[in-house]
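Written below as structure tokens is the structure these notes are about.
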Amino acid sequence: MQQYTTDIMIIGGGASGLAAAVAAKRFCPELSVMILERNSRVGKKILATGNGRCNLGNISTDSRYYYGSCKKYWNTIVEQTQPAEAFFQSMGLYCRRESDGRLYPCSNQAASVLDALRLTIEQEGISDVCYCLVSDIQQTESGILAKTTQGDFLASAAIVTTGGFAAPKTGSDGSAFSWLLNLGHHCNTPKPALVPFLTKPVLLRLLKGIRLSAEVTAISENGTVLAVDTGEVQFTERTISGICVMNLSAACVGQEPAAICLRLLPEIPEQRLLPLLWELYGVRTNWKLEDWLTGLLPKKAGIQLLRSAGIAMSMDTPVYEITPQQLEQVAKTILSWKFPVLSRGSWQEAQVTSGGIPAEEIDADLQSRLVNGLFFAGEILDFHGNCGGYNLNWAWQSGQFSGENAAKQILQKRGDTV
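Taking the UniProt record's numbering, the leading residue of the sequence shown gets 1, the next gets one more, and so forth.
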């Protein structure tokens, strides 16, 4: 097959790959940069973010929103690269700041983000090769050699930006790990992250479609608190979901939760809850149980909560038949409503991958410690964040970082001034 050569080869035309290409070319316009993309066009996954609006980042780069062994490199990367808002402004794309610091293009269209990147790549003279599936990469005396469906590609430096396993329909199926393993690399156990949790369907029959504000806690088998978040919980016929719940799936890296606990009515202090239920008992003493908690909770949620609290009597029973012990149990359930976790959501549901190439196998410049000239960026590394634009922060900034460092290395090897 034909062999092509380039100075810098980007394997994967997603967010981090596009950022790496732009950064490398801007750092040294004389270097040739080529993107290898398995899909029909670059940036396919970008179009699916933020429900088509593209939550392209977050104004916060606080490390507390991130997890994984490569977290130790994050603050250095932040200091040496442009944040998402400035990076896109340099391409003429302006952002709107929304709640929780989320960034969206002013157009509210993900296509605008991809167009800005695509046209910048074209303007900078960066080439892309689509329908190009990499089957193997090798270290040679001449550089990094990629074996692909479009031929062989040889580069002085290569940046792997293939993503992880999340959303495989976009091409992120984890296939890169097979040839990275052949080079001696390892992968910290990959798990779907930013996913809902599956629980017992019988607990969800009345809750499907309901949204509740709550403090959510992931707990282990022995009751240890693994992670806590607050927000709107959503229920489907098989899962407990919502941004706050998905954040728990990102935070629970080392240990799987045995249950998700909801602290409902978080605006009501704990010491106020029991007196409030007694007040409601007095005001609605002749009402049916099914209507007792209406107003505090949606009616169906109130009924399910009573069942979960062990209230087995008919929901047509008048409220005055509730015993003090039962009322106290209702209060306890409001404070800690447990849903056993059967499993995480699937890779098809996942927004990001937990796990990846570990920090001990890469240097602070995101270059492989095993293969000189091989760099990484984005989801392929053991690093991920919460919902809200944090993972795209990582994609853009780790991409810029690797792109510049790859360019610097080539110039240093050639004896040029950096």
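The beta carbon of each residue, even a glycine, is placed where N, CA and C say it ideally should be.
From residue i to residue j, what does the alpha carbon distance come to, in whole angstroms?
i           : j    : result
L374        : G389 : 27 angstroms
L342        : L198 : 5 angstroms
G310        : E215 : 22 angstroms
V253        : G415 : 43 angstroms
A86         : G57  : 11 angstroms
A350        : T170 : 12 angstroms
S241        : K413 : 50 angstroms
I357        : W278 : 55 angstroms
A155        : I11  : 11 angstroms
P83         : T224 : 36 angstroms
C106        : A359 : 36 angstroms
A406        : R53  : 32 angstroms
T6          : L181 : 24 angstroms
A110        : I46  : 7 angstroms
I137        : M246 : 35 angstroms
V283        : I322 : 14 angstroms
L293        : G302 : 6 angstroms
K288        : I260 : 29 angstroms
L145        : D115 : 30 angstroms
I243        : Q80  : 30 angstroms
E361        : F376 : 11 angstroms
K71         : D316 : 54 angstroms
L262        : I268 : 14 angstroms
K191        : G13  : 22 angstroms
A227        : V319 : 36 angstroms
residue 419 : L93  : The question about residue 419 has no answer here: the residues shown for the chain are numbered 1 through 418.
G399        : S127 : 17 angstroms
On a Cα-Cα basis, can you pick out the residue from the options that is closest to residue i?
i    : options                : result
L119 : M91, N286, E290        : M91
L203 : T224, V283, G151, K300 : K300
L411 : A20, P29, P257         : P29
Q397 : N75, V42, S32, D7      : N75
R211 : T239, E141, T6, C54    : T239
S249 : T5, T353, N108         : T353
L296 : L133, V33, G174, L276  : L276
L381 : T162, Q325, T236, N182 : T162
G281 : E270, E328, C244       : Residue 281 is actually Tyr in this sequence, not Gly. Ranking the options by Cα distance to Y281, first place goes to E328.
A258 : G385, D173, S60, F339  : F339
V33  : I159, A15, I46, D115   : I159
S368 : Q409, K44, P196        : Q409
C187 : S69, N391, P318, L31   : S69
S336 : E256, A218, N386       : A218
A157 : S314, K200, I8         : I8
V78  : R96, Q89, Y94, I59     : I59
W347 : D173, E290, P266       : D173
L31  : E124, I243, G164, S112 : E124
G378 : A15, Q3, Y4, Q2        : A15
F165 : G345, K72, D291, G231  : G345
A364 : C387, F401, N386       : F401
G50  : Q3, R26, I35, V113     : V113
L370 : G184, Q2, W179         : G184
D229 : Y4, L305, N386, L206   : N386
P196 : L265, E404, E232       : E232
Q3   : R96, G143, P201        : G143
L264 : L117, T285, P298       : P298
With DSSP run on the structure shown, which of helix, strand or coil describes residue i?
i    : result
Y94  : coil
P190 : strand
S60  : coil
P196 : coil
P83  : coil
S402 : helix
L206 : coil
L411 : helix
S346 : coil
Inset, instruction - Counting only runs of 4+ residues fully inside the stretch 97-185, write out the alpha helix (DSSP H) ranges in chain order. - result: Qualifying alpha helix (DSSP H) stretches, in chain order: 110-124, 176-182.
Legend entry - Secondary structure, alpha helix (DSSP H): runs of 4+ residues fully inside the stretch 2-53: For the stretch 2-53, whole alpha helix (DSSP H) runs of length 4 or above, ordered along the chain, are 15-27.
Legend entry - Complete beta strand (DSSP E) runs within the stretch 350-389 (minimum length 3 residues, chain order): Annotation note: the stretch 350-389 contains the following uninterrupted beta strand (DSSP E) runs of length 3 or greater, listed N- to C-terminal: 352-356, 374-376.
Inset, instruction - Only counting runs of 3 or more residues, tell me where the beta strand (DSSP E) segments fall wholly within the stretch 292-337, in order along the chain. - result: Runs found: none.
Inset, instruction - With a floor of 4 residues, list each alpha helix (DSSP H) that falls wholly inside the stretch 215-300, ordered by position along the chain. - result: Scanning the stretch 215-300 for uninterrupted alpha helix (DSSP H) segments of 4 residues or longer gives 243-251, 270-283, 289-292, listed from N- to C-terminal end.
Inset, instruction - Could you tell me whether the stretch 391-405 touches the stretch 2-21, using the rule of 3 or more Cβ pairs below 8 angstroms? - result: Yes: the two stretches touch, three or more of their Cβ pairs being nearer than 8 angstroms.
Inset, instruction - Say whether the stretch 60-77 touches the stretch 26-41, bearing in mind that this needs 3 or more beta-carbon pairs closer than 8 angstroms, one atom from each stretch. - result: Output reads no: the stretch 26-41 does not touch the stretch 60-77.
Legend entry - Touch test, the stretch 330-337 against the stretch 139-151, Cβ-Cβ under 8 angstroms, three pairs minimum: In short, these stretches do not touch, since the Cβ pair count stays below three.
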